[in-house]
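Have a look at the structure below, then the notes.
Protein chains: 2
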Amino acid sequence: MKQEAKSATGAPTTLWDRTRQLASQEILETALRLFTEQGYDETTIAQIAREAGVSQRTLFRYFGTKEDLLGGGQDRFGQVLMDTISEQPADAGVWEVLRAGVAAVLALHDSREQALERFRLLHNTASLRAGWLEKRLRFQENLLPLIETRIDAATGNEGAKSRAVIATAFACLDAASMTWVANGGKGEIMDLYDECMTAVRG
Amino acid sequence: MKQEAKSATGAPTTLWDRTRQLASQEILETALRLFTEQGYDETTIAQIAREAGVSQRTLFRYFGTKEDLLGGGQDRFGQVLMDTISEQPADAGVWEVLRAGVAAVLALHDSREQALERFRLLHNTASLRAGWLEKRLRFQENLLPLIETRIDAATGNEGAKSRAVIATAFACLDAASMTWVANGGKGEIMDLYDECMTAVRG
DNA sequence: TAACCGATTGGCAGTCACTGTCAGGCTGCC
DNA sequence: GGCAGCCTGACAGTGACTGCCAATCGGTTA
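Heads up: the protein sequence lines correspond to chains A and B, in order.
If you count by the UniProt record's numbering, then the first sequence holds residues 1 to 202, one letter each, in order.
If you count by the UniProt record's numbering, then the second sequence holds residues 1 to 202, one letter each, in order.
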């Protein structure tokens, strides 16, 4: 039924794929533009659909929820995170491993400006933040087995410990990106991340 | 029902107040019951309102959102958290201070069973989790000034560091409560919290 | 080239959380 | 007893999201 996708690079095979990709991109760009111009809550799906030239129904077929319109391939984030972490050498420590994952995800943004805009919207829009946090929670859950094996299993409760460690890494990423946005995008997020880690772990 | 509650603040004398409190309690109990029986997403506002004997409009006047129906006075959580932390001695360390706050909030639940039921619903319902996380984020933001003054201000970026530290505390609380629920409510959450902290901070 | 088949689309109606409004009822206080 | 003001319920509307169905488009086959 579904032929292999030529994925990221190379031309999509069929016309359908090309049309799909075009529509998807059009929708995404329209959405991000409107969100930036008038705010997330003030932009309705109807408006995005109208300006992108598709029906609401189609828009929802491309992107299941309004939130999905921000950050287009957020599934990619999760995937890259998992991949990066599972590729780390077996003898690497948890913190090292998590840091690599965070760095890989941050590298996914197309440009510094795009990253800044997305983070800004994310941190300034309550309804968005909620959804994002929820998605992140799912990432954390997926990461659990990958981290659990690297954690010192002396006293039991590795589950709790792993969860705490993972959540701490995300917490530092949060604090770092928030500060980064507050600074108008000056400096490197990873530097801030390291600083946060130092503050937490001493 | 049992409304002898002249309550702490003196006299909720008027009939209105009493009626209000009664209705509020009735709604809350109905909601929690239905949530537990059939799940959060499967319970509609219409149903809660019907079974509680009020109109939807009134229900929304008492509780602004569906989420608010869980955990009734979540504002109380935030308040207690802030109060406890600002009451800590000035020379207490951040981690100590945060631990006290967490303990105080946990002590707010009426009973172990109620706490378990709430945490269970919280951790098992995606839509609820999102709202909860968002509310928590607001707590964190409120805590910021209280913690910032206690943080070593050597290298600047106290904002980022404070955020990270606070978020880490919450992360440990999360991990702890999740594990607690997974264990069916065995043991003490604070013990798990401490264990998580040790895992994170070494 | 024409017919066929499945993928894709748009429109429509419906659900659900949530909000504004408005008339009427009840309470509190003369 | 009566007036003013809070509370309530009913109603209509918005916005995100879903299910359904018929029309259409793309690619494949005869």
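Built from N, CA and C at the ideal position, the CB exists for glycine as well.
Being a predicted model, the structure only gives us computed values, none of them experimental.
Is residue j closer than 8 Å to residue i when the C-beta atoms are compared?
i                : j                : result
ALA169 (chain A) : LYS161 (chain B) : no
ALA171 (chain B) : ALA167 (chain A) : yes
LEU133 (chain A) : LEU133 (chain B) : yes
LEU34 (chain B)  : ILE48 (chain B)  : yes
PHE139 (chain B) : LEU81 (chain B)  : yes
ASP41 (chain A)  : THR125 (chain A) : yes
THR30 (chain B)  : ALA52 (chain B)  : yes
LYS123 (chain A) : MET178 (chain A) : Note on residue identity: the sequence assigns His, not Lys, to residue 123 (chain A). Yes.
ILE151 (chain B) : VAL94 (chain B)  : yes
VAL54 (chain B)  : ALA23 (chain B)  : yes
Out of the options, point me to the one whose CA is closest to residue i's CA.
i                : options                                : result
ALA103 (chain A) : A:ASP191, A:LEU59, A:THR14, A:ARG201   : A:ASP191
ALA175 (chain B) : B:LEU121, B:ASN157, B:ARG163, B:ASP194 : B:ASP194
LEU116 (chain A) : A:ARG136, A:LEU22, A:LEU32             : A:LEU32
LEU59 (chain A)  : A:GLY39, A:ARG20, A:ALA92              : A:ARG20
ALA107 (chain A) : A:PHE77, A:ALA23, A:THR125             : A:PHE77
ALA37 (chain B)  : B:ALA153, B:GLU158, B:LEU121           : Here residue 37 (chain B) is Glu; the residue named in the question, Ala, does not match the sequence. Per the Cα distances, B:LEU121.
PRO145 (chain B) : B:GLY187, B:GLU158, B:TYR62            : B:GLU158
ALA153 (chain A) : B:ARG136, B:THR149, B:CYS196, B:THR155 : B:CYS196
ASP17 (chain B)  : B:ARG50, B:TYR62, B:ARG163             : B:TYR62
ARG112 (chain A) : A:ASP83, A:GLY187, A:ARG163, A:LYS135  : A:GLY187
ASP83 (chain B)  : B:ALA92, B:LYS66, B:GLY64, B:VAL105    : B:VAL105
GLY136 (chain B) : B:THR155, B:ARG163, B:THR149, B:GLY156 : At residue 136 (chain B) the sequence reads Arg, which differs from the Gly that was named. Measuring from the Cα of ARG136 (chain B), the nearest candidate turns out to be B:ARG163.
THR43 (chain B)  : B:LYS66, B:ALA92, B:GLY156             : B:LYS66
GLN79 (chain A)  : A:GLU141, A:GLY156, A:ARG50            : A:GLU141
ILE27 (chain A)  : A:ALA92, A:ARG50, A:GLY39              : A:ARG50
Residue i touches chain B at which residues, Cβ-Cβ below 7 Å?
i                : result
ARG129 (chain A) : GLU134, LEU137
VAL105 (chain A) : In chain order: nothing, as chain B lies at least about 17 Å away.
ASP68 (chain A)  : What ASP68 (chain A) touches in chain B: nothing, since even the nearest Cβ is about 14 Å away.
THR168 (chain A) : THR168, ALA171, VAL200
Below 8 Å on the Cβ atoms is my guess for residue i versus residue j; work out the distance and round it to an integer in Å.
i                : j                : result
GLN88 (chain B)  : ALA100 (chain B) : 6 Å
ILE85 (chain B)  : LEU143 (chain B) : 7 Å
ILE189 (chain B) : VAL165 (chain B) : Wrong, their Cβ atoms sit about 20 Å apart, outside the cutoff.
ARG57 (chain A)  : GLY202 (chain B) : 53 Å between Cβ atoms; not a contact.
For residue i, return the contacting residues in chain A, with the cut-off set at a CB-CB distance below 8 Å.
i                : result
LEU192 (chain B) : ASN157, ALA160
VAL102 (chain B) : Those within 8 Å of VAL102 (chain B) in chain A number zero; the least Cβ separation is about 13 Å.
ALA126 (chain B) : GLU134
Along chain A, which residues have their Cβ under 9 Å away from the Cβ of residue i?
i                : result
GLY202 (chain B) : ARG201, GLY202
Cβ closer than 7 Å: which chain A residues qualify as neighbours of residue i?
i                : result
THR179 (chain B) : ASN157, GLY159, ALA160
ARG99 (chain B)  : Here the premise fails: no neighbours, minimum Cβ distance about 14 Å.
VAL165 (chain B) : ALA199, VAL200
Which chain B residues sit within Cβ distance under 8 Å of residue i?
i                : result
GLU195 (chain A) : THR155, ASN157, ALA160, LYS161
ALA176 (chain A) : ALA160, ALA164
Are the segment 171–185 of chain A and the segment 180–187 of chain B touching, with three or more C-beta to C-beta distances below 8 Å?
-> No contact exists between the segment 171–185 of chain A and the segment 180–187 of chain B.
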